[in-house]
Structures are given as structure tokens and as C-alpha cells.
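Residue numbers for the sequence shown follow the numbering used here, beginning at 2 and rising by one.
Heads up: the structure comes next, in C-alpha cells.
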Amino acid sequence: MQKLYDEMKMRIEATTKLDRIPDYIRKQHKGFREWDFVTSKRDHQTILQILIDGRDTNAVDIKGDPLPTLVYLAREKRPQYHHHFKAGAMNALIRVSSRISNGPIILNVDCDMYSNNSKSIKYSLCIFMDEEKGDEIAYIQFPQKFNNLTKNDIYGSSFRVIQQLELAGLDANGGPMYIGTGCFHRREALCGKQYEKNYKVDWKKLKDTKANESASVLEETCKVLASCTFEHNTPWGKEMGLKYGILVEDIITGLSIKCRGWKSMYLNPEREGFLGVAPTTLLQLLVQHTRWAEGHLQIFLSRYCSLVYGYKRIPLKLRLAYCPFNLWAANCLATLYYVVVPCLCLLKGFSLFPKISSPWVVPFVYVAFVHRAYSLGEFLWCGGTLRGWCNDQRVWLFKRTTSYFFAFFQTILKLLGYSQLTFALTAKVSDENVSERYEQELIEFGATSPMFDILATLAMLNLFGSFGAIKKVILDADEDFKVLDQFGLQILLCLVLVTINLPVYQALFFRKDNGKMPSSVTYKSIIFALLACTVAMY
């Protein structure tokens, strides 16, 4: 088994290095050879080949055990037809698989994920085949976990609390949302079937679902199912398969399945079911979350808003559970207010919070400290570290002031007709130096981006605000610290933000590696911050 694994690893690494499939492998499979006659990846015919026919008695592994059917598929793409990104690819796969194997259960994983627990299928089938509740389950969702997280999760990619507590808690209200990967689907539910109260599956009748045609005949007949025109005037993308028109197609697909009467289940075994690759640079993370936040806000502002679409279809608790995720992007407004306004008002001498000596300060202090203490306790209870929690809070701030900000305004522009739907693919491949800095838990800033302009400007703004506040406190030392009494909470907020942004200052002024902040970003942030401070003071 180890020899087989090493050989597969060597093939993958060779293919990645060449940026194409090696010639000796291309010659072995006609599906790969067809790419020699393709001029563009966005303009080609359907390419389909059954690499392993599970019905063939000679299709066995090195131990003599039968191998499952393996099919290579590249659906047809033409410039004049919208291919609907991942949702379109999934729907093509669903149709082709229904013709070749028609298995009642479908496993969906992203291309950068792999199975880490051979028993995950067994666990899922036990739920689907449960005599009391199994027939009402449409899909079983595993948490999205990663194999390359650092000890303290420098980019907060694990969603530790969400995946261990929040999604698991939804089981009592109809089940978790479908998150696009690590999910076992009931084919009938995914293809639009309405759940009926007395619905029962006869698993014995589902044993023989394989096609009778030869592999060559199946290859030709299945190509039309993956063509650009097949879905025209059909329910695919609307009532069948994954839904189109929203960036996070998985969320509305799961919601629509539940609105047809089905339930879902969250399964989080001790050994992770599936593992993937988390972003290794800050920009990768921010771009990924921009797409997610934009898609969620699109849902909230569309007819698929859970509060409206799920009315009288799913429980109120479940409808409300979708809202915090759908409103990720809108949270940028409140966060930007607390990052920008208190600092500028402090420089102007305008107080926003009660005096330290006033009893009205108690609610503010209580909410601030108790909420953070609860958050820390929750994070540690879920297996995190103190430093990991600090990283999580930092990334939370970065996402809200950049990713969610861009997502919010991109969504508004699209609603006004100024922008078209796009799909940003998150690159997960990084060079050796980036990987080394990632392992050392150094945040990667080594690129120019409007997001970094915002991060650096906000960091410098609070730094200047803190300097101004400290100056006021020192000059006021002879007057019983009236400034500290009046502006204590604002000063504390600025100092907290400065502490959170310490890696940004390090990247702006002290780091010498390629992961430092570009000089252009440094100059722009200082100029913008000084300009904002000048306007606020005068």
C-alpha cells in the first residue's frame, strides 16, 4: 500500500511541476489525448472516458479485489454559453453518473480535498439506512477541515467554533446547511424530489443499478448529457441539481432541499472524514471570503432569503440560523465605524462613550469584556490555543474591514446592474518561501492589493490616534487626568486595535523578507492616514 501511495504521490508532483499530464500517461488514455486538439480550455467538446469499468472482471487492484468504476469527464464549454462554474460542473457529473452507475448516494468533495477516514462511508450509510429516521435525511454534511493548518492557525481558517458547535447545534432544527464539500447526498433529493411523509427506500431493489451497454457505447451516449445545450428549457439549475445564479450555490441548494421537506445531518467523527488545503497567504484568504460573503448577501437580498423562502417550510430557528452567515458582508459597516470613527473623534476631542467615572460606563465595559471572555472560553473548549484565539480575532477584523467591505459594495453594484456575476477561484499552490513563512506563522503580505491598502491605512490611522491620545494624557497629568476620564474607552479601543495590528506594522516597517508589505502600500497608507487625521483635527 505504501508503494502504491508513493507512486501516486510521485505522479501528482510530476504533473504539478510540468503543469500538464505527462506524455506517457496521455498516450495511455484517449480522453487525455483529445486535449491535443483543443485550442482553449473555455472552448471545447465534451471529453469523456471510462478509465476503469467496474463491471469488468479484470478490473482489480494488486490484491485482486474489484475496483469501482472510474470516469474522466470534461464537460463541453463554449464562449456563447454560460457554464455556471462549480454548480454547472456538478450537475453535469450528476447526469452522467446517473447513466453509468446511478448510485443512490453521491459523495461531493472539492478537488483539493481527500478522504481521511475510510469509515466515513459506513457511518453515512448507517444514517441513511436507519429504519426510523434515515429516510428523511437528504444529505450528511462533514466539517470542512484542513491538513496544513499551523499550530495556532495563523489565518483562522479552521472555523473551529462554527464547525464544532454551531453547525452541530442545527441538527435539532432540521440539520446543517450544505457547505459544498465533504457531503453525502441522496440522489433523489438532490435531483428535486419532494419528501413525502410515508417515503421509504427499498435498498434491496437498488442493488443493481448499472447500465447494460458496453463502455464505448456509454461514453458516446453520455456525452450529450454534458453538452452546453442539454440544460436549455429544463429544470436543471432551477428545480433539479445545484441551483444557478448565486456565487454560493451550495447554500441555496441545501436550503431548497430542506424546503422540500427533507432534513440533513451533521457528522463529525473523531478522525476527520475529509481533509483539504487551507489558504497559505492572507490575500488568498481575503479573496476567498470576499466570494463567500458576496454570495451570502446575494442570498439575503434575493427570493432565496431564508426568512422568506423558508416561510412555513422550515422551522423559524433554522431560518434564523442562516441569517448570521448571510449578513457577513453587512457587518463591515459596524466594524468600520468602530475602527475609524472613535479614532478620528479622539483626535478631534469629541467623546463617544460615557466617562470612566460615570455609572453608564458599566454596560459598555460589561459587554466588551464578557463577550470576549466568552469567546475565548468557547475557543479554548473547542481545542484552540490562546494565541490561536488572538489570530482568529485578528483575521476576523481583517475580513470585516476588507473582504466583507468589498463583498458588500460588489453586491450592491450588481443589484444596480453595474456588475456581472463572477467566480473567483482561490489558488492553493504557493512557492517554497511562502510555505516556509506560513509554517513559521508569519502573515504573508507580499502583494499589492486594494485590500492591503485598506488594512495598512486603518492600522496607521489608529496608530496616529493612539499617539495623539497619549500626548493628551501626558499634557493633562496636572489636571487630575480629566482626559483619561473622558476618553478612557476610546483610548482603550485604539490601543486594542494597535495591538491587533502589530503584524501589519511589522510588515510595513521592519520585515525584510518577500512577505513584507510592498513599499507602495506603505507610502499610500501613511499619506491616507495623515490626510484623514488632518481633516478630523481641522
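The beta-carbon is built from N, C-alpha and C at its ideal position, and this holds for glycine as well.
Quantities reported herein were computed from a predicted structural model and do not represent experimental measurements.
CB contact flag (residue i, residue j, <8 angstroms)
i	j	result
residue 185	residue 106	yes
residue 173	residue 264	no
residue 516	residue 459	no
residue 402	residue 499	no
residue 357	residue 489	yes
residue 306	residue 162	no
residue 345	residue 533	yes
residue 195	residue 242	no
residue 251	residue 181	yes
residue 408	residue 282	no
residue 117	residue 276	yes
Where the beta strand (DSSP E) containing residue i begins and where it ends
i	result
residue 142	138-142
residue 215	It is not in any beta strand (DSSP E) - residue 215 carries neither H nor E in the DSSP assignment.
residue 184	184-187
residue 338	It is not in any beta strand (DSSP E) - residue 338 instead sits in the alpha helix (DSSP H) that spans 332-349.
residue 516	Run containing residue 516: none; DSSP gives neither H nor E here.
residue 264	264-267
For residue j and residue i, believed in contact at Cβ under 8 angstroms, the rounded distance
i	j	result
residue 74	residue 227	6 angstroms
residue 239	residue 253	At roughly 11 angstroms, the Cβ-Cβ gap does not stay under 8 angstroms, so residue 239 and residue 253 are not in contact.
residue 274	residue 121	4 angstroms
residue 320	residue 308	5 angstroms
residue 142	residue 179	6 angstroms
residue 323	residue 260	Actually they are not in contact, since the Cβ atoms of residue 323 and residue 260 sit about 11 angstroms apart, beyond 8 angstroms.
C-alpha distance - residue i paired with residue j, whole-angstrom precision
i	j	result
residue 58	residue 387	56 angstroms
residue 360	residue 129	57 angstroms
residue 14	residue 495	47 angstroms
residue 45	residue 38	9 angstroms
residue 426	residue 284	Note that residue 426 scores a pLDDT of 49, beneath 50, so its modelled location is shaky; the value from the coordinates is reported in the next line. If you take the alpha carbons of residue 426 and residue 284, they lie about 12 angstroms apart.
residue 218	residue 96	16 angstroms
residue 430	residue 334	Confidence at residue 430 is low in this model, with a pLDDT of 49, below 50, so the placement of that residue should be treated as unreliable; the coordinate-derived value is given next. If you take the alpha carbons of residue 430 and residue 334, they lie about 32 angstroms apart.
residue 131	residue 198	15 angstroms
residue 234	residue 90	18 angstroms
residue 237	residue 135	26 angstroms
residue 297	residue 450	23 angstroms
residue 448	residue 25	38 angstroms
residue 52	residue 206	27 angstroms
residue 535	residue 455	18 angstroms
residue 8	residue 278	21 angstroms
residue 249	residue 349	43 angstroms
residue 399	residue 313	38 angstroms
residue 325	residue 160	14 angstroms
Those residues which DSSP pairs with residue i across a bridge
i	result
residue 50	73
residue 107	186
residue 147	277
residue 116	275
residue 61	67
residue 44	41
residue 241	237
residue 1	Nothing in the structure corresponds to residue 1, since the chain is present only between 2 and 539.
First and last residue of the uninterrupted alpha helix (DSSP H) at residue i
i	result
residue 155	From DSSP, residue 155 is part of no alpha helix (DSSP H); its letter is neither H nor E.
residue 452	451-476
residue 91	86-101
residue 253	250-260
residue 22	Residue 22 -> no alpha helix (DSSP H), and no H or E assigned at all.
residue 320	317-327
residue 535	520-538
residue 504	503-506
residue 408	405-416
residue 127	121-129
residue 298	283-301
residue 309	307-310
residue 388	387-399
residue 34	31-34
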